[in-house]
Structures are given as C-alpha cells and as structure tokens.
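Chains as they are written, first to last, in the working numbering: chain A, 504 to 589; chain B, 242 to 1213; chain C, 12 to 418.
The block underneath contains the structure these notes are about, expressed in structure tokens.
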Amino acid sequence: MALTLTCPVCGKRNGYEFRYGGEEKGPRPDEAGITPRSWCEYVHMNQCVAGIQKEWWCHKDGCGVWFTTHRDTTCNLEVDKPEAQS
Amino acid sequence: MKRLEKLSTLRINPAKTLHFKYKNKNLKGLSGDTVATALYASGIRIFGRSLKYHRPRGLYSLDGESSNTCMQVNGIPNVCAETTLLADGMEVKAQNVAGSPETDLKGFMDKLDWAMPAGFYYRTLHKPARIWPIALKQVRKAAGLGKISAEFQMPGKYDEIYPKADVCVIGGGPAGMSAALAAAENGLRVILLETRPWLGGFFDYRTAQNGAGLSLSQSVRQAAEQLEQNSNVRIFTQTPVVGVYNNNLVTAFQKGCETDYFDERYLEIRATSVVVATGCSERPLLFENNERPGVMQIGCAHRLAQTYGLLPGKQAVFSIGHDLGLEAALDLFDLGLEVLCVADIREDGQDPALIEGLQQRNIPFLRGWVATRAHGNKTLHKVTLATIPGTLRKDFSCDLLVASAGMTPLTGPLSLAQAKLAFEPYTGFFIPRQLPAKIQVAGRLLGLNHPATIEASGRLAGTLAAGDCGVSVESRLKEAREKLNQLPGPDQGSKLVTAPVQGRKTFICFDEDTTVKNVKQALAKGFDATELIKRFTAAGTGPGQGGIPGHNLPLFVAQYHGDIKATAMPTTVRAPLVPTYIATYAGSNHDMCKRTPVHDSQKAAGGVIRRIGVWKRARYFSKDFSCRAEIENVRKNVGLLDASTLGKFRLWGPDALNALQRVYASDMSRITNGKVKYSAMCNDDACIIDDGVVVKRAENDYYFTTSTARAGATVEWIRYHTRYDGWNFHMVNLTDAFGVINMAGPNARKVLAKVTDADVSDDAFPYAAYREFMIKDTIPVRSMRLGFVGELSFELHVPSSYMQALWDLLTEAGKEFGIRHFGLEAQNVLRMEKAHLIIGSESEQRTTLHDVGLGFLWSRDKSEEKTVGAVALRQTENQEARLKLVGFKMEDPSRVPKDGSIIVDNRIRGYVCIARHSFALQEPVGLALVDAPLAGEGTRLQIYEDECNGQHLYATVVPTPFYDPEGKRIRM
Amino acid sequence: MFGRVKPLWGEKSSLKSNYDAVIIGGGLHGLAAAYFLARDHNMRNVAVLEKRFIGFGGSGRNTAIVRANQRTQENVPLYKEALALWPVLTKDLDYNLMFFNCGNLNLMHSEAAMNAARMNVATAQFHGVESHLIDAKQCKELVPALNILADITYPIFGAMYHPPGGILRHDAIVWGLAKGAAEHGVHVHQQTEVTGIGVENGKIVSVETDKGQIKTPRVLNAAGGYSAALSYQMLGIKLPISVLTIQAMVTQPLKPLLNHVVSSGAYHAYANQTLKGEIATGAHMDSWPNYTTQTTAYYIKHQAEALAEMLPCLRGVKFMRHWGGLADMTPDMAPIMDGNDSIEGYFMDCGWGYFGFKSCAASGKYMAQFMASGNCPNMLKPFSLRRFEQHRLMGETAAVVNYTPDN
C-alpha cells in the first residue's frame, strides 16, 4: 500500500502527508434536542464502508487544508468520479 | 577445479584471484565469482544442512531461492552464497551443522522423519504438561539456521535514495532491456532494476544463435552497451526489487561494488508506469531426494559452465521439461560433460533442431521419462529414471542430475502490485489476468520463449508504459503489436506435477523440509486450502519463502482436488521479495527533534536534557533530582524557565472570534484588551485536551498559547471543527517563531525592571494582564503576568532570534537577585503545590473538564456557537461515578507515594497522578484522580504502591491549592 | 502408520436449516465462543460460519503475544483469566498450543513513562498478576541485545516486566478450538458467507448465507475487521469502530537470541523470537480505515530504523516476510462485548483492535455464558456499547488516541 491523495491545493501527494478526518457525516448538529445517543451517533459511530466512501482529510504536512475525497477502502485508491462507480 | 577458459560468455576475471577462508582453510576464487561458485570451484559440494532433518544441501539454482546455500559470512548469518559476490578476505562458515557439513552429527535426524509428520508438534510434547517446558527448549534449539550474538555489530555503510522515474522497469533481461529502450526512445526517464551484476538475463550465458549470426550472449551484451549509453536510462545492477506498492511505488536495494561508498543502499522509486519483466525461474522437479547435492537446475548447471567456467560434474543425467534443458545438455556436452541420458517429461513439442543435436552427439533421449529418485547418502551417485506412469525404470550412475519440471514465472512484483493472476493451462503458468493501472508486463513470465518474441514483447510493454506517461504512442503501439503478432507465441509448458514416487523424501519445500507426504498428511487432516497447508506444514515460510514451493504447492493441491484448471490458485506473495537486512532498510538515522533557541546555554549550565515529545528540554539543573535548590530559589528569589515549547498561535480575521468560540469552553467574547483569558479545549466527549491563555491584540486579532504536546495538532483541530462553516479567519503557528521565558519568583519584577523602561509595577502591569513593550529598546516582548508556579511571574514571549540575547540579559541582570535556571521537574513540583494541572499528568483520555475541577470554565450560554465538547459537558455535568481530581496529604509525612500508585479499598478507586515532598510545606502533597465518592475533603485514601507487600500508605483528601491558597504571591 | 486420519474439525457437514446459535466469523473469538457454548452450556447445535478459511483474519496475522498487564481493573481480570486458560485449553483440547511463557518487557523511555507504567504494575499486582518495574540495567540483564546507551533517540529508562506473559502458536489455537468445538458437535462451515440477518419483532430469527438460510434465535458477530460493516449493513447498527490495517513482519529464522517479548511505545515496535526462530516484530497502523491487508514500504523501513536502535545486533538480520491484518479499533482501545440490547438475540464480540489474540479464550468463555443465559456476566458489563454515549471511555489508553478524527 502506498496511499496517495489529491490535495485541492497541492495536487497528488504521498498519503503520509495527510491526516485522516473521518467519514463525511455532515455539519455539527444543533445542540437543541440532541440526546446522548444521537450525539454519540454523530461523534463516534461509523458506517465502515467496504467500498467507496466520502471522507475528510487534512494536508497536515502541506498547505493545511481540510478537504473531502472519495476513496475505495477495499484497495486504498482515490476514486475520480465516484458517481459513476458507486 | 580447473576452469573452462576462453569462453566468450565468462563473467569471471581469471587474472584476479581472491582469497577467502572456509573451514579454517585458505581457499581461492576469482573476481566475479559468487561465494557459492568459489566454493564449488574449490570442490565444496555440501554447503550446509537442512533445518529439520539435517540433510546435506548444495547448489541448486544459483539464484538463492532456498536456504540451501545460506551461510555465515564475516559473522553475518543467512548470507545467500549464491547471490553474494566473493570479496577478498571473506570468512565463510556453513550453518546448521554439528561438526562439518560433510559429517554432521545430527545427520541421523533424517531417519526420524516418521516421528515428525506434518503438524506433529501440535499433537505431541504436551502430555503430561510438565514435559512441554523441557521439550520447548529443544524445539527452540533446533529451530533457526543462522546464529547472531547479542553483541554483534553489523559492519558496512548503508544509505538510501528516493529517485523518481517515468518508467521503472523491473528486470534487466532481454524483455526489460527492450522495454527500457522503447520508453527511453519516447523521451522518458527510465529506471532499470536488475538483480544480477550485469544485464542480459537468460541470454547472457547462452551460445544459441539469435538468427542474425550472433549468439544470444553476444547480441544481448551489445544491446546492454547500447542501453548504458542512453542518458535517459538509469541502470541499477545488483539491485533486487523487494516491494511493489500501489500507485507504483517500487522498493529495492542495491549492493555496492568496490568503488561504491555504500555496502547496501535502499531505493524507493515512485514511477508513473512500471514494467515487470522478471522472467522465469525453474519449477523444481518433485522426485525422491530431489535436493541431494549433485541435483541442480538447468540454469545452474549451464551458468556454472558458461558464466563461471566450472563444469558442473563429470557424468550427467538430465531430467527436464523444457527446451532450455536440451540446449544446456548439448552445450555442456560440447564443453566436456559426459551426458548419459536426457529424459524429457514432454512426449512432444521439442525444438527439432535440439533433438537433432542430441542425435548427432549420440546422447540417449527418452521422451515421457522423468527422474524418480536420486541415490547417494551425501552427494549424488545414481539416478533412477522412469516413465511418467512409473511402469518402466532405468538406473544411471552419475554425479550430476540436471533436473527441472519446467519454468515458473517470477510474478512476485505483480502479486505485490495486486495484479490478479490465474492459472493458464497451456503454459501451466499463473498469468496476470487483470493488471493494476499503469503496470505493464513483458517477456518470459508471459510464457514466451522465442528470443525475438521476448524482445518484441519488451518493446510493446515499453511503448505502453510511455503511453501511461501521457506520450502519444498510437502508431508505435500499432507497429509493436504487429511485430509481436508475427512472431511465435508461448510454448506449451510441461504438465507434470510430481514424478511417480513412493518414498518419503520428495521435498516440496527445502527450507522447512516439507515433503509431498507432509502435504498429503495435511490434506487428510482437512487442511484443504493451500494457505492452510502452508501454515500447517510450514511449506514456503522459511528463509526463502515461496521461492521453491510457490508454484508446485498450489499445483499439487489442485491436482489433489481433481481439477488443476479450476482450483489452482497462486499462494500469497509477501514483501520483501528478497530477504533484506534490517541495516539496509534502516539506512541512515532519521531521528528528528527540535531544540529551543537556548538549548545550548541550558546544557552548558548543567541542564540534564530529555526528549519530550518532539522537543529536547532541560529537565533538571543539578544531579539532585528532587530539584530542591531550583525550587527553593523560585520561591525565595527568582528563576528562569525556558518555556519556548509552548504552542503559540495567531488567529485573526472577521470570523476569528467565531473560531475561538467553537473550540474553547469559555465565552471568548468576554476577553478584554490587555488581559489574558485562561480557558480550555475539550473534545466531543467533554474530555479536556488542552488549556492555555488567549489575548486579544487588536480587533479580530488574537494570540493564544497551547500546551507543548498539543501545539502540533491545534491548527488542524480548529480547521477541522470549522470546516463546514466557511468562516473567514486565518491562523498561523508561531511556536517556533517565538521563544518563551518564564521568569518567576519574588524578585522577578526587579530583574525585569532592570532591562526595560516599561512600567512593570503591579499597578501598571497587574496579575493576569498582557503587555507589549521593548527590552533594552531592542527586543519586542509580549508579556503575560501568569502564576503557573505560584509566584510573581512574567512570561516573556520574544522572537526566537532574540531568545538567546534575552536569556543572557536576564541571567546577567538577575545575578544580584539570586537568579538561576530551573527545569521541568522543578516546575512540576512548583505547579503541583498550586494544584495547577498538566494535561496528561492530571488528566487522561477519559477525564472531562468537570472531572479536573475546571467545569467553571465552560460557558453554558453559547449553544449557538456549537462549541466542541459543549453537548457532552452538559450530559456529563451531573454524572456520577467518575474520577475526580483531588489534593491529598499523607498521614505519615515521612513517606511520599510514588507517582502512579493506585488508590484502593477492595477494588481500585483511583491513582496518584503526582506526589512530591513539598519543601515549602515541609511535607508530602499530591494530586490524585479518585472515584467521586472519595473526593470529599477529609476522606481517607488507601494507597497501594507497587511491591508494597500489603503495606499500604494512607492519605487524606485536602483542599487545594496547597501553597499560598489565597494567591497573594502571584499578585505581588 | 497413523490409522485412518480424521479431519481435525470433523467431516464436512452440510449447512442445516436450524441452529440454536450462529456464530459469524471462524476466527479465535468465534471458535472459542462456539467451543464454550458446546462444552459448558450444552448448546451443541451451533454453526460457525467462515467466509474464507478458519484463522484467515486477525487470528492468523497477529504475533501471538499474550499478557495480562492491562491498565484498568475492568480489563486485567479478563486477560488474567485468558492467560490462565492456555495450559488448561492445551489439556482440554489435547492440542499443543505451544505456550512459551517467556515474559514481556514493556520498555519505558522517560521518567514520566516509568511513572505511568507504575500504575499498570500496581494494578496488576493488586489483582495478583505478576508484574514489576525494572531499571535499564535489569532490562539489559534480561535482554542482552538491548541498547541501553543514553544517546539514542529514545533511551531506555526501564521497563514493565511481566513474567507470566509470552507467546503461543496462533494457528494451533485456531485449529485446536475448531477441533474441540467439532468434537462437541459444532459445525464449522468454511467458505460460507453471511449475506443477511433476519430480524422480526426485534428478535433475531435467521441468518442468510450464500449456501442457504438458517433459522436461529441467536447470532454472535465475531467477524473481526468486518464486524462493524456487517453490523451496519445487515442490522443498521453503527459501531464506534475504525478498521485499520496493522502490520507485522518476521526476519529469517535464527538460533535463540531473544528470550522475552520486548516492546516499546516510543519506538512503536515490539519484537520477540518465535519458536521457529524468526524475530517477529510490528505494531504500526496507518490511520486511515481500509479493508486491505496490504503492507507499506514506509512501515517496514520504520520498523528497521526502530530495531536498528533498540536491538542493534538485528541490523545483521534479514526481514523475510511482511504482512498486514485488520484491526477494528474503538476510540478507547477496549472491545465491545454486548448483546440483547436493541435486538434480542444479537450478540457482539468486536472492537478488539490488536488485543483480540490475547483475550480470545476468556472472551469466548464469557460470551458463551452470555449467549446461553441471556444475561450479561459481570465480567463483560463494562464493555457495553452504551459506554460511548455516556462518555465513559474505558481508560485502557491513557493518552488521547491520535488515529480518530475526534481527538
């Protein structure tokens, strides 16, 4: 495995320059009406997709940007046009 | 042994003799020899003994697929004698021998195989239980081949490089060379990796004609010269590939030659396209005693003669399944080898010219025959041949059996690159059916055999690789395809899985002494998948990994299941493809750590430096690790602490406040100019992850600090938690840009006043205030009145370049006030006396802001801000049964409990985070995280130290801070 | 010579349409649960379903280290019991699990680390588990190959020495448990993939497989790296798990050199010598979830750099095999053992991360008890899934873990 990721600022780079930021779960929910369970769902629970997932990455050793990308977790390759494949 | 001379194919230099030692004898070899060929030239036939049965082992392939020729060289174990070039002065020893390789005292083990069926360990040695520990010792002793001592120091120099290439070609044989040339002709940067010391692959030693009046050897050597001239191609010889990873990352290591500055060098190559042209090795022939010294593969015999000038034996029998075997028989016959018989597994399909050659030389030729048994206790002296069904048999007395079942493609790099391989019945190969993006394949590993076809397939692959790199190659591709299509395709491969054998010593894996019988035993036990058989019989798990059994084992298992075509699956291949020294992988030292701007000053002043996270810091300033003098001086006079490692950040822009509100528990809108605000950050479980101070330097412009450990993650953290908001703010990490001195103690103001004109009186610069001023009219300072160590103190933030000047200035100015440095441990005690927490010391992953008593920092009135941790802070606010941070004093003040001691009753109720003797209070005090019911003042705590033998210590929960509870001294 | 050889885990049986319990995953945890269900709870009509072959996953990819010097009192007793079970299982299964009781040294590289280790040591001693803090010199006496010089990246200050720990032969446990389970009537179905789980009125009723449907009132999810995906896809239950690849490697075999398991948090490496003589070493995880078991060039190099400093004689030894496996990591590095919560009859034994090997015997025993009685044994109560929504992380790791985005 030799992950590469495409940073929107810096282009295709070695995966070790990046920090993984979790599955895409949407913006922080409003605090009103939140229950311990629904909060836990947002904070900790994962779908653990075996396939293409949308996820967050930070180019920590580069420009510092957070961005989303699609990656196939079964082969560790970025996916260009996820719509066409998923 | 006398060498064959005047062969145009030789790769040794007869004029240059090298001396080496083996078995206390001084032996000679030639420059160009490998350790193995030099030993062979000196008459050595047994190179070592096998792992389990201590069977004699010798030369087999010259490519080192097995442990047969693993030897100790210059004290280094498991050196592959077949692939290591001889050097002058080498000391060579055989491995796994008790006595000598020829007379091994453990040779009797070979007779005990009946007692060691597959997986026998699992069923024996545990009944009764007390014998296992004794047996275990024997098992350990018997295991392993090489020896290394705990004091061993690996000699040599190791390096690493990280080249980039458009096209990386793996394999410098005819296909790889053609591919490299084709890619280079398209203007691309090519890296060509070859394991052997020269290019040319299996053409290099062959005298067969190429059709244009040259021998294959001559033509390929000319081509190699041409390639070496090509400035687009960077050639690495003696460079086996060890790993291929996705996105075309190729790793390899290069063995240095005499003129290189390194002994071995690790290579990590990122290529746009990769061409795999690794060719083939030979599939070992399975028959009784198939690894007896004197039995060797075609290439081994052929190369011994043509490359090294060593006739491999006197009288030979050939049992082969490939035209290369016929060619070798003719060639070696012409060089003087007596060939008694050539048995070919194949009934037909041979090149008629080769058959004619045999006839011309009166060499008996048997179609559909195969070796079934090698005879001879230590080395070969007789061979039994039989028809494939085993109905007819013939014996031949001989000292050499050239044996090979056919070819096996070297698909290791492809497997590692996640190519999908499938069994192809015509060639009998595992052929790539689906290639990963930008990986091309060429040459023999596709089953090709004809020299011109191999070269043409190389050209095609090189052109395809150029296409991968974005070069427009359509017309060239068309041309290359057409050329390839006009040439002969793959030859039919031999189908034989195993010779008709009855005995128990047909070895499918040499390293682990795994026999065909063992595999059958595993199958009978229900281990039906090849991978399970590998694990149960250990086949393919030894020093040479799958090199010997990699092809035969899956074929054998598939045959057992009755359908080779449907069930043959290649076994898993793992990196490194060639065993590689840890020294080589390690390369040079890669430790990186940061030093503060006043590192050297502190060290010179007696600082005991420790690595803490990414930093090196001064922990003590004396040999007295209680730090009494440092501590008392801060309380009494004034001390200087280098706090440069604190995280320091500027955050500014229209949405700066929003960002702060998001991550800090407190209401950050209430920061006032000129004041510092202490607050904390939590995660979404309400656990405290950081604390620090924030100042507002201008509208929408903030400067804040974090703990040392948290500095690296802070920017990411804030960006992460604002990533959906589209806010307009900027952040910059100033940690390295600013140094920090904490000057603390009752005399601190006096020292500061001496070096600045600014008014630093308590009225002008009170506690918790923030000021910016100049020191000596030169050094711009950001200063905070903080009280971490519990005394009047000024935290001075200055540009890093001024740190040394300021440090010296203060040290000098403070002399009359008794200034001295203090280190981290002194700070630790000082702050503990104030019950100021250090994250990670008084908190852990599960500790909330409430738990450490800092819940008051949380502002519950800013839910619009969606503060990180706020939801959980609300949910945990009144939760019971959590660990709470408390202060304690000891019942017996003569004893300080050790950090990390636990607090118990009938179960564990907490632990001591820190406890020290307080010189200020003249008794021990400490902080502990305890179950909430024990957190009340006056509660008696029972402390259990390691090795206490039931002698508990007792403490009482007391209010904190211990020292100066009114906080008068920080406000001086 | 050996008479008629019987397959180790029984003759191949065809999938029945009814089982009292279905266990998903033919790894150590699933097989152990099956074994104890059949042996101790008389529940013999049990199927273990394995998509590949038994021991394919983490069970065959770990480095077989066992120990009971965990950090918290919720964990230590479980691992202590597991440790005590190896000799017992060797006897009961009549299969040599090859327990090499060599002891473990957990190296500490700073004063602070020594203090942190003291808590583990005290916790262990309090629970009657032998464990000691030793200094660098004592480390060197136990492991002469260690580098205790002060000028290396992470100088050794001492170690947590845990004599009861050691290593086993991982495959032997897989095969032994399969054998034991089969002898008590359990069906081990290899190459059988679960495709769905049937739930009616909040109760488990069936399991769908590629070989047909099974009616059953109980399902144990012991699918290791695949447990979280399976739970979500088949039951809509998300778990706080990230599936990461953990890597390990071995050197070519040597005559005895290391007589203990040596590990170091700072170097991020452990090393021990297997009974075959290989130095087994590993620890690294890449922080991004994935389902490949691919290795990385980055890591084998990192490992070499670490060993070259820690155990410098190993510079002259060759790596020969590097592999990866999946680790189902939870935010607090402690497992999820739970059941009968939102769905009656659905049990989970997952989230083991890289502790699944050393715990399997004990977790199997208690999960079997849980499944047979329907009541969660006290030993397992702290491991409930609900602890995460209560913000009660387990404390197995002191430091904030850095591989989840929420820290």
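C-beta: ideal position from N, C-alpha, C; glycine also.
Which same chain residues, not among the five before or five after Asp932 (chain B), have their C-beta less than 6 Å away from its C-beta?
-> Ala921
By Cβ distance, which residues of its chain are closer than 6 Å to Lys151 (chain C), with the 5 residues on each side in sequence left out?
-> Leu157, Ile159
Could you tell me the distance, in whole angstroms, from the CA atom of Gly406 (chain C) to the CA atom of Glu400 (chain C)?
-> 15 Å
Along chain B, in chain order, which residues have C-beta atoms closer than 9 Å to that of Cys324 (chain C)?
-> Ile389, Ser390, Ala391, Glu392, Phe393, Gln394, Met395
Determine the DSSP secondary structure at Met405 (chain C), reduced to helix, strand or coil.
-> coil
Taking DSSP as the reference, what is the three-state secondary structure of Arg608 (chain B)?
-> strand
For Arg540 (chain A) and chain C, any beta-carbon pair shorter than 7 Å?
-> yes
Alpha carbon to alpha carbon, what distance is there between Tyr403 (chain B) and Asp583 (chain A)?
-> 27 Å
Can you pull the DSSP bridge partners for Pro232 (chain B)?
-> In the structure as shown, chain B begins at 242 and stops at 1213. Residue 232 (chain B) is therefore absent and cannot be evaluated.
When DSSP labels each residue in this structure, what does Leu42 (chain C) get in the three-state scheme?
-> helix
Can you list the beta strand (DSSP E) stretches of 3 or more residues lying completely in the stretch 313–369 of chain C, in chain order?
-> 329–340, 347–350, 357–361
Checking contacts by CB at 7 Å: is Ser589 (chain A) closer than that to chain C?
-> With a pLDDT of only 46 at Ser589 (chain A), under the threshold of 50, the placement of this residue in the model should not be trusted; the figure read from the coordinates follows. By this cut-off, Ser589 (chain A) is not an interface position.
What residues are listed by DSSP as bridge partners for Gly387 (chain B)?
-> C:Leu265
Pairwise C-alpha distance: Asn488 (chain B) and Trp299 (chain C) | 17 Å
Quick one: residues in its chain with C-beta nearer than 8 Å to the C-beta of Gly139 (chain C), no 5 flanking neighbours on either side, listed in chain order?
-> Lys91
Under 8 Å by beta carbon: chain C residues contacting Val580 (chain B) = Within 8 Å Cβ-Cβ: nothing; Val580 (chain B) doesn't reach chain C, min ~37 Å.
Where does the unbroken beta strand (DSSP E) through Phe1219 (chain B) begin, and where does it stop?
-> Since the first and last residues shown for chain B are 242 and 1213, residue 1219 (chain B) lies out of range.
Under a three-way DSSP split, which group does Arg63 (chain C) fall into?
-> coil
Can you give the Cα-Cα distance for Ala950 (chain B) and Gly524 (chain A), rounded to whole angstroms?
-> 20 Å
If I'm right that Asn107 (chain C) touches Thr365 (chain B) with Cβ under 8 Å, what's the distance once you round it to whole angstroms?
-> 7 Å
Provide the residue span of the beta strand (DSSP E) that contains Arg129 (chain C), from first to last.
-> Element bounds for Arg129 (chain C): not the beta strand (DSSP E) but the alpha helix (DSSP H), 122–137.
What did DSSP end up calling Pro255 (chain B) once you bin it into helix, strand or coil?
-> strand
Please decide whether Asp103 (chain C) counts as near chain B, where near means a Cβ-Cβ distance under 7 Å.
-> no
Could you pull out every residue in the same chain whose Cβ sits closer than 7 Å to the Cβ of Leu19 (chain C), ignoring the five residues on either side in sequence?
-> Trp186, Ala189, Lys190
Cβ neighbour criterion (16 or more within 10 Å) applied to Glu1085 (chain B) = buried
Once you ignore the five residues that flank Phe862 (chain B) on each side, which residues in its own chain have a CB closer than 7 Å to its CB?
-> Ala846, Gly847, Gly848, Glu871, His1062, Phe1063, Gly1064
Between the C-alpha atoms of Pro666 (chain B) and Leu686 (chain B), what's the straight-line distance to the nearest angstrom?
-> 14 Å
Gln681 (chain B) - DSSP class collapsed to helix/strand/coil | strand
Can you tell which of B:Pro895, B:Asp1018, B:Val996 has its C-alpha closest to the C-alpha of Phe970 (chain B)?
-> B:Pro895
Using a Cβ-Cβ distance under 7 Å, would Gln1116 (chain B) count as near chain A?
-> yes
Just the chain A side, please: which residues come within less than 9 Å of Ser1104 (chain B) by C-beta, in chain order?
-> Asp533, Glu534, Ala535
Which whole-angstrom value describes the C-beta separation of Gln547 (chain B) and Tyr446 (chain B), a residue pair presumed to lie in contact below a C-beta threshold of 8 Å?
-> 4 Å
Pull up the distance between the alpha-carbon of Ser395 (chain C) and that of Leu1182 (chain B), whole angstroms please.
-> 29 Å
How would you list, in chain order, the residues of chain B whose beta-carbon sits under 9 Å from the beta-carbon of Ile76 (chain C)?
-> Correct list: empty, because the minimum Cβ distance to chain B is about 16 Å.
Limits of the unbroken alpha helix (DSSP H) element including Tyr243 (chain C) | 238–246
Does Lys1139 (chain B) get closer than 7 Å to chain C when you measure Cβ to Cβ?
-> yes
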